[in-house]
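Trainee: Let me begin by handing over the structure; questions about it come next.
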Amino acid sequence: MQRKSIGEQAFMPVNSQNEEMLKPVPQELRKDQRAITLYGFNPAFGLPSPGPFDMKTEVQLQMMGLNYLKTSGRIDGAPKGKLPYIDDNGTVVADSTLIRFYLEEKYSIDLDHGLSDSQRATAWAAERLVEDNLYWAMVYFRWAVDANFEKGPAHLFDHLPQEIRDAARQKQRAAVLGYLQGQGLGRHTPKEIASIGQRGYWALSQILGEKRFLTGGRPCGADASAFAQIASALSVTFESPIRDAVASHSNLVHYNKRMMEIFFPDFA
Ligand SMILES: N[C@@H](CCC(=O)N[C@@H](CS)C(=O)NCC(=O)O)C(=O)O
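Number 142 in our numbering belongs to position 142 of the sequence shown; there are no gaps in the numbering.
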């Protein structure tokens, strides 16, 4: 089956001078497509979601021009114990990367259409950097630093009945600190984690350079991922060296604004 580009499918013709031209538009082809349900988190911390991975998937659904409905999911009901997952009319897929693979295959879309192998590889490496390394640095400063935990993650449990609320908070905090130990970053000092985060965001800033998006004038798959992690790191709710690291690169700050205006204008 012919794979279709997002340039042809989900965006109006690209004009790098005009951001309006990059807005996703509904596709004729997709009018009959029944909405996909995306299970993620409700907006929090000044962001469309406190979880960068469901933000990523939501951006990719928009890039693909697919109809979707976002609803709040529960991690204890999620197929892999994490959000996001989707239900595409009975087909349930968990994990943002596997969701992308599934959607690209099922709807014959290539989010990296038009890129050379070298650009695809750079995009993939950037995605792994932000998801498998910088994400954890962000998580550390949100969950391990008491003041940030109280301002942020603690509130994710506010809706629970009072008698179980605090126990649920502490249980999830202990779980996340355990993940950080397992992943390894949580074994370092805050200063060491900050130095790793600074190097990573420096690298991402170099990859972006003067371009509007990671690989050029229009977003590719990894832009959804990089944007979601950058936006999460920049959340005004938290003070952290990771936020400072991102904020020190003006191209990343402008990129965040550009992506937010296109995909989540209510949060721009
Ligand atoms: N590799 C997964 C990561 C998803 C993930 O880490 N989700 C977090 C929220 S950002 C989660 O659900 N954490 C709950 C937990 O692990 O207990 C993906 O790409 O979807």
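Cβ coordinates follow ideal geometry from the N, Cα and C atoms, glycine included.
Compute the Euclidean distance between the alpha carbons of Ile193 and Pro265, then round it to the nearest angstrom.
Mentor: Roughly 32 Å separates the two Cα atoms.
Trainee: To the nearest angstrom, report how far apart Pro24 and Lys151 are at their CA atoms.
Mentor: The predicted model places Pro24 with a pLDDT of 43, which falls under 50 and marks its position as unreliable; any figure quoted below should be read in that light. So the two alpha carbons sit approximately 34 Å from each other.
Trainee: In whole angstroms, what is the alpha-carbon distance linking His159 and Gly217?
Mentor: Straight-line Cα distance between these residues: approximately 42 Å.
Trainee: From the DSSP output, in three-state form, read off Ser72 for me.
Mentor: Ser72: strand per DSSP, three-state reduction.
Trainee: Quick check: the Cα distance between Ala154 and Asp146, rounded to an integer number of angstroms?
Mentor: C-alpha separation (whole angstroms): 10 Å.
Trainee: Is it the case that the segment 183-201 contacts the segment 233-248, given that we only count it when at least three CB pairs across the two stretches are under 8 Å?
Mentor: A contact exists between the segment 233-248 and the segment 183-201.
Trainee: Could you tell me if Lys70 is buried or exposed, where buried requires 16 or more neighbouring beta carbons within 10 angstroms of its beta carbon?
Mentor: Flag for Lys70 reads buried.
Trainee: Taking just the CA atoms, how far does Leu180 sit from Asp112?
Mentor: Spanning the two alpha carbons is a distance of roughly 31 Å.
Trainee: Tell me whether Gln62 is buried or exposed, calling it buried when 16 or more other Cβ atoms sit within 10 Å of its Cβ.
Mentor: Classification of Gln62: buried, given that the 10 Å Cβ count is 16 or more.
Trainee: Excluding the 5 residues flanking Ser96 on each side, which residues of the same chain have their C-beta closer than 7 Å to its C-beta?
Mentor: Excluding sequence neighbours, Ser96 sits near Phe53, Lys56, Thr57, Pro84.
Trainee: In the DSSP assignment, the alpha helix (DSSP H) including Thr97 goes from what residue to what residue?
Mentor: Start and end: 96-106.
Trainee: Whole angstroms are fine: how far does the CA of Ala203 sit from the CA of Ser248?
Mentor: Going by the C-alpha atoms only, they are around 13 Å apart.
Trainee: For Thr100, tell me which candidate among Asp223, Glu210, Ser72 has the shortest Cα-Cα distance.
Mentor: In the sequence as presented, Thr is not what sits at residue 100; that position holds Arg. When each option's Cα is compared against that of Arg100, the closest is Asp223.
Trainee: Where Ala268 and Ala231 are concerned, what is the direct C-alpha to C-alpha distance, given to the nearest angstrom?
Mentor: Going from the Cα of Ala268 to the Cα of Ala231 covers about 10 Å.
Trainee: Please classify Ala44: does DSSP put it in a helix, a strand, or coil?
Mentor: In the structure shown, Ala44 sits in a strand (DSSP, three-state: E or B).
Trainee: I'd like to confirm something about Thr97: is its beta-carbon nearer than 6 Å to some heavy atom of ligand 1, or not?
Mentor: Result yes, Cβ under 6 Å from ligand 1.
Trainee: Would Trp271 and Leu98 be called neighbours here (beta carbons separated by less than 7 Å)?
Mentor: Residue 271 falls outside the range modelled here, since the chain spans only 1 to 268, and no answer is possible.
Trainee: Would you kindly work out how many angstroms separate the C-alpha atoms of Asp76 and Gln170, rounded to a whole number?
Mentor: Taking the straight line from one Cα to the other gives about 16 Å.
Trainee: What does a CB cutoff of less than 7 Å around Ser250 pick up in its chain, not counting 5 residues either side in sequence?
Mentor: Closer than 7 Å at Cβ, skipping near neighbours: no residue.
Trainee: Going by the C-beta, is Ile230 closer than 6 Å to any heavy atom of ligand 1?
Mentor: Ile230 Cβ: outside cutoff for every heavy atom of ligand 1.
Trainee: Let me know the secondary structure DSSP gives Gly65 once reduced to three states.
Mentor: Here Gly65 sits in coil by DSSP.
Trainee: Since Ile36 sits in a beta bridge, which residues does DSSP pair it with?
Mentor: DSSP output for Ile36 lists Tyr68 as bridge partner(s).
Trainee: Let me check one thing: in DSSP terms, what residues is Thr91 bridge-paired to?
Mentor: According to DSSP, which records beta bridges pairwise, Thr91 is partnered with Asp88.
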